[in-house]
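A.B. asks: Under my numbering, the first residue of the sequence shown is numbered 199, with each subsequent residue one higher.
Let me give you the structure first, and then I'll get to my questions.
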Amino acid sequence: MAQPTGPISQQPQPLPDSARGRLTQSQQGRPCFTSDLSVNEFVLATQAGFVPVGLVMGTSIYHIGVQPSRWNVSQELAVLTQAMYTARELAMARMEAEADLLGADGVIGVEVRARRYAFSAEIMEFIAVGTAVKAENGTSLRTPAGRPFTSHLSGQDFWTLWQHGWIPRALVLGTCVYHVAHLTFRQMLQAAGQNTELGTYTQAVYDAREIAMSRMQYEGSQVGADGIVGVTVREDDWVWGEHAVEFFAMGTAVSRLRPDASPVSPQMTMPLSG
């Protein structure tokens, strides 16, 4: 899979009429926001100077194709990689489009999920959900490209980041669907009853994780970030069989906005109960 030219989620996407109608209605009369933030997260976000303007979401139902592979060769399954990457990015792009319609500066607490449906093993739904927020003082805090920033950080982590002079730029992703070669009969005999490393498996899994990580880092560089925080890497086998695994890396790309910000000192608290 070639490196993408930039995150699809940072490119404008059209919204369905149902989403546009819901968001437009929420802005009429006396605005009433919706949010998936907890009470603590909501309070901390407002303390940081951001007000929620609405719950935003995006979805993409995608048919995942097939790709043949040789049983004794470890290799990336580029067709499947591209499908998983594109589907997630489309969901995120539609979530951002909803935030853009609300005039938000960014989206925090983003959750990206995938699920399968019983009516077809090859069809998956990818969902992105978060709370759109706007700076209370009217200052635009969008990305240099003029898009709302996105972040999977909790409200507490977002507050800490902001207090120390940093701001999210984008939720960045990297994925790699990899076929891990089967052991040959000779390799299985050599390992039988032994405590020994299975080099074929080690190298394949190592390579696949590194590919996913490098793609996530590439997305971070494309949005001009100084770093990526809150990185997670997970593995899922989905529907491709026991030797095909997706390695998925995700994190929030951040930039230093206020270098002169004073660090927040932790305060000791004592429980009132014995």
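Here a beta-carbon is modelled for each residue, glycine too, at the ideal position from N, C-alpha and C.
Who does Arg311 pair with in a DSSP beta bridge?
C.D. replies: The residue you call residue 311 lines up with position 113 of the sequence shown. In the DSSP output, where bridge partners are listed per residue, Arg311 has Ile325.
A.B. asks: Hey, how far is the Cα of Leu235 from the Cα of Val331?
C.D. replies: Against the sequence shown, residue 235 aligns to sequence position 37. Against the sequence shown, residue 331 aligns to sequence position 133. Near 11 Å, if we compare the C-alpha coordinates of Val331 and Leu235.
A.B. asks: Quick one: give me the first and last residue of the beta strand (DSSP E) that Phe446 is part of.
C.D. replies: Mapped onto the sequence shown, residue 446 falls at position 248. Segment Ala442 to Arg454, the beta strand (DSSP E) holding Phe446.
A.B. asks: Quick check on DSSP: helix, strand or coil for Ser419?
C.D. replies: Here residue 419 corresponds to residue number 221 of the sequence shown, with the count starting at 1. Correct three-state label for Ser419: helix.
A.B. asks: Is the stretch 318 to 329 close to the stretch 252 to 260, with three or more CB pairs under 8 Å?
C.D. replies: Yes, they touch.
A.B. asks: If the criterion is Cβ atoms closer than 8 Å, does the pair Val443 and Ala406 meet it?
C.D. replies: The residue you call residue 443 lines up with position 245 of the sequence shown. The residue you call residue 406 lines up with position 208 of the sequence shown. Going by C-beta atoms, Val443 is nearer than 8 Å to Ala406.
A.B. asks: Enumerate, from N- to C-terminal direction, the unbroken alpha helix (DSSP H) stretches of 4 or more residues contained entirely within the stretch 243 to 305.
C.D. replies: Counting whole runs of 4 or more residues, the stretch 243 to 305 contains the alpha helix (DSSP H) stretches 276 to 299.
A.B. asks: When burial is assigned at 16 or more other CB atoms within 10 Å of the CB, is Asp298 buried or exposed?
C.D. replies: On the sequence shown, position 100 is the one that residue 298 refers to. Asp298 should be labelled buried.
A.B. asks: Near Asp458, what residues of its chain come up, given a Cβ to Cβ distance below 8 Å and the 5 sequence neighbours on each side ignored?
C.D. replies: Walking along the sequence shown from the start, residue 458 turns up at place 260. Here the set comprises Gly363.
A.B. asks: Suppose you measure from the CA of Glu296 to the CA of Thr400; what does that come to, to the nearest Å?
C.D. replies: As a first step, residue 296 is located in the sequence shown; it is residue number 98 there, counting from the start. As a first step, residue 400 is located in the sequence shown; it is residue number 202 there, counting from the start. When rounded, the distance between both Cα atoms is 42 Å.
A.B. asks: In three-state DSSP terms, what is Ser460?
C.D. replies: Sequence index remark: in the sequence shown, residue 460 carries index 262 (1-based). Of the three classes helix, strand and coil, the one that applies to Ser460 here is coil, per DSSP.
A.B. asks: Taking only the alpha-carbon atoms, compute the straight-line gap between Arg456 and Gln361 and give it to the nearest angstrom.
C.D. replies: Residue 456 sits at position 258 when you count from the first residue of the sequence shown. Residue 361 sits at position 163 when you count from the first residue of the sequence shown. Near 9 Å, if we compare the C-alpha coordinates of Gln361 and Arg456.
A.B. asks: Report the partner residues of Asp434 according to the DSSP bridge assignment.
C.D. replies: Taking the sequence shown and counting its residues from 1, the one referred to as residue 434 is at position 236. Beta-bridge pairing links Asp434 to Glu444.
A.B. asks: DSSP has Pro342 in a bridge; who is on the other side?
C.D. replies: Locating residue 342 in the sequence shown gives position 144, counting from the first residue. None, per the DSSP bridge assignment.
A.B. asks: Which residue or residues does DSSP assign as beta-bridge partners of Trp364?
C.D. replies: Position 166 of the sequence shown, counted from the first residue, corresponds to residue 364. Bridge partners of Trp364: Arg454.
A.B. asks: Quick one, are the C-beta atoms of Leu242 and Gly353 less than 8 Å apart?
C.D. replies: In the sequence shown, residue 242 corresponds to position 44, counting from 1. In the sequence shown, residue 353 corresponds to position 155, counting from 1. Cβ distance < 8 Å, so Leu242 and Gly353 count as in contact.
A.B. asks: Quick one: what does DSSP say Val331 is sitting in, helix, strand or coil?
C.D. replies: Here residue 331 refers to the residue found at position 133 when the sequence shown is read from its first residue. DSSP places Val331 in strand when its eight states are reduced to three.
A.B. asks: Keeping to the same chain, check which residues put their C-beta closer than 8 Å to that of Arg313; ignore five residues upstream and five downstream.
C.D. replies: Here residue 313 refers to the residue found at position 115 when the sequence shown is read from its first residue. Here the set comprises Met322, Glu323 and Ile325.
A.B. asks: Please go through the same chain and pick out, in chain order, the residues whose beta-carbon is closer than 8 Å to the beta-carbon of Phe240, but skip the five residues on each side of it.
C.D. replies: Numbered from 1 along the sequence shown, position 42 holds the residue referred to as residue 240. Hits under 8 Å: Ser233, Pro250 and Gly353.
A.B. asks: Considering only residues of the same chain and omitting the five flanking positions on each side of Glu320, which have a CB-CB separation below 6 Å?
C.D. replies: Here the question's residue 320 lines up with position 122 in the sequence shown. Correct list, in chain order: His261 and Ile262.
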